[in-house]
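Q: Residue numbers (the working numbering), protein chains in the order written: chain A, 2 to 211; chain B, 6 to 348.
(1) Which same chain residues end up closer than 7 Å to residue 153 (chain A) when comparing Cβ atoms and leaving out the 5 residues on each side of it in sequence?
(2) Go through its chain and collect everything with a Cβ distance to residue 59 (chain B)'s Cβ below 8 Å, but skip five positions before and after it.
(3) Along chain C, which residues have their Cβ under 7 Å away from the Cβ of residue 245 (chain B)?
(4) Go through the region 65-102 of chain B residue by residue and report every complete run of the alpha helix (DSSP H) that reaches 4 residues or more, in order.
(5) Under 8 Å: do the region 40-55 of chain B and the region 177-186 of chain B share three or more Cβ pairs, one atom per stretch?
(6) Just by C-beta distance, which residues in the region 29-58 of chain A are closer than 9 Å to chain B?
(7) May I have the straight-line CA-CA distance separating residue 124 (chain B) from residue 153 (chain B), to the nearest angstrom?
(8) Strictly under 8 Å for the Cβ-Cβ distance: is residue 145 (chain A) near chain B by that measure?
(9) Under DSSP, the alpha helix (DSSP H) around residue 274 (chain B) begins and ends at which residues?
(10) So which residues of chain B does residue 4 (chain A) contact, with C-beta pairs closer than 7 Å?
(11) By the three-class DSSP mapping on this structure, what secondary structure does residue 266 (chain B) have?
(12) Specify, as a first and last residue, the run of the alpha helix (DSSP H) that residue 55 (chain A) falls within.
(13) Helix or strand or just coil, what does DSSP make of residue 260 (chain B)?
(14) What does a CB cutoff of less than 6 Å around residue 193 (chain B) pick up in its chain, not counting 5 residues either side in sequence?
(15) Helix, strand or coil: how does DSSP classify residue 47 (chain A) here?
(16) Can you find a C-beta in chain B that's less than 8 Å from the C-beta of residue 156 (chain A)?
(17) Please look up how many angstroms separate the CB atoms of residue 330 (chain B) and residue 295 (chain B), rounded, as I've assumed it's under 8 Å.
(18) Does residue 218 (chain B) have its Cβ less than 8 Å from a Cβ in chain A?
(19) Could you tell me which of B:170, B:188, B:119 and B:158 sits nearest to residue 202 (chain B), measuring between CA atoms?
(20) So residue 262 (chain B) and residue 293 (chain B) are supposed to be a Cβ contact under 8 Å. How far apart are they, rounded?
(21) In the DSSP output, what is residue 126 (chain B) paired with across the bridge?
(22) So who's on the other strand from residue 117 (chain B), going by DSSP bridges?
(23) Any beta-carbon of chain A closer than 8 Å to the one on residue 268 (chain B)?
(24) Beta-carbon of residue 193 (chain A) versus every beta-carbon of chain B: anything under 8 Å?
(25) Under 8 Å between C-beta atoms, does residue 180 (chain A) make it to chain B?
(26) Report the residue from B:277, B:215 and B:252 whose alpha carbon sits nearest the alpha carbon of residue 190 (chain B).
(27) Tell me whether the beta-carbon of residue 175 (chain A) lies closer than 8 Å to the beta-carbon of residue 187 (chain A).
(28) Just the chain B side, please: which residues come within less than 9 Å of residue 167 (chain A) by C-beta, in chain order?
(29) Just checking: is the beta-carbon of residue 297 (chain B) within a distance shorter than 8 Å of some beta-carbon in chain A?
(30) Could you pull out every unbroken alpha helix (DSSP H) segment of at least 4 residues lying fully inside the region 205-262 of chain B, listed in chain order?
(31) Starting from the beta carbon of residue 175 (chain A), find every residue of chain B whose beta carbon is closer than 9 Å, and list them in chain order.
(32) Which residues bound the alpha helix (DSSP H) around residue 29 (chain A)?
(33) Quick one: which chain A residues come within Cβ less than 7 Å of residue 275 (chain B)?
(34) My understanding is that residue 99 (chain B) touches residue 128 (chain B), with C-beta atoms under 8 Å, so please give their C-beta distance in whole angstroms.
(35) Could you pull out every residue in the same chain whose Cβ sits closer than 7 Å to the Cβ of residue 89 (chain A), ignoring the five residues on either side in sequence?
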């Protein structure tokens, strides 16, 4: 279930750490034949470049696993990584902002005091809070996996350029959580503005400036 | 700009009924350990002519010969021919009677076949205007199928990915997909796997919003550019962590099984492993390669003779491979899938 980028060499070759040399060899040959550009099993699934990307990983995996010395080193590295993974209990630890005091995420009450007013959570307030946390748009993008362009649109309230509300709600929630706000509360407030803004801008704009 | 609303207009209609279906299919799947209940094995594949009926007739006949009580059900109301593969030229009763509500008791539609332990529910004489049962009728049908008095109930599905076909596939314990080593079949098989998975997934999502996202992804030209279940998973994890968890759970439980039919070369045999690999790497779906059946002239002769191959030519190559798959179905749960190197 892991995406390709997270798979280790054994997973790439679809074999197991106890595999014999012979098994590695067979797995490699099978993998190569599966991921040719015109492979019967894959051509209807692969987009351009997909097969080549997998082949590259297959070759890299085989280079390491076919040599007993490099395989030994790799196994040791995998074992060490597993050890490291154990105490790290935070699965999707939010990005730690520059100021450690803020790394906990500020409770809502405190934020309201810091902020100059109550009212809606608009794009400007989100931006304000991001900057207070010492974060760039790209930092939030890295943590939330939301494209920086959309994050900017959220801050600039370019509602017409944002996708369907199902997505925007998720984006705003993730953004808010990332800067230490209550995602649900922020999203509820922001989405009211979004819905209103979208309602007013239903007419298509052909020369919408970017 | 994204304008998603119109595309999904029709898709929300069946959610209420879908939930019932889902509960039913979950119950069935969980209840597969119940010794009194038939194991339901739907056999599909997307493309027509890949040998679904041939495989069903022969797996059923093979298990029957081993002494198991089998009912094979033709669920292909628009292209019924399982009866022919099993030596019955004019069935006197048909599933169509149940669909048209002329008969409420599915058990009364069971026909004996020339093979001991093997019975059939045919699908001839369907209503040409509305061959498929309504959804409420489908729910009823699936419940009745489970109640049939047999150890195994095979369901021979029609071609395509019609909602009815997908429902039958989903309700079974171990959906089998028959593929032949040709691009058209492989392509349709992926379409079938995706359709089945998305359908199951949409029913597993608790929130209306996430169902909507799944529905958007089901449109293969969706504007979000979601091509594969793995990409959809990333999308949903981002939007809602709890639903992401349900997604992973559904993905783990979905294990389509593959049979490659009409195999002529070692490369054809390997195709099963390759499809398994592509499913895993690109869809995140764990398919199981159940086995292959080689190309065999006697297979064609058996169809001409309107009898299962297993019955006419039990010593033919194809018969031997089919029996191998049948034994795997029996010993299931204990590593039923083929391992590379065992071929």
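C-beta: ideal position from N, C-alpha, C; glycine also.
A: In short, the structure shows the following:
(1) 138
(2) 90, 266, 304, 308 and 314
(3) The displayed structure is made up of protein chains A and B, and chain C is not among them.
(4) 87-90
(5) yes
(6) 31, 32, 34, 35, 36, 40, 41, 42, 43, 44, 45, 46, 47, 48, 51 and 55
(7) 11 Å
(8) yes
(9) 271-283
(10) 235
(11) strand
(12) 51-66
(13) coil
(14) 51 and 52
(15) coil
(16) no
(17) 6 Å
(18) yes
(19) B:170
(20) 5 Å
(21) B:78
(22) B:124
(23) no
(24) no
(25) no
(26) B:277
(27) no
(28) 9, 214, 215, 217, 218, 221 and 244
(29) no
(30) 213-223, 234-244 and 246-258
(31) 243 and 244
(32) 22-35
(33) 31 and 34
(34) 6 Å
(35) At residue 89 (chain A) the pLDDT is 45, less than 50, meaning the model places this residue with poor confidence and gives no usable figure here.
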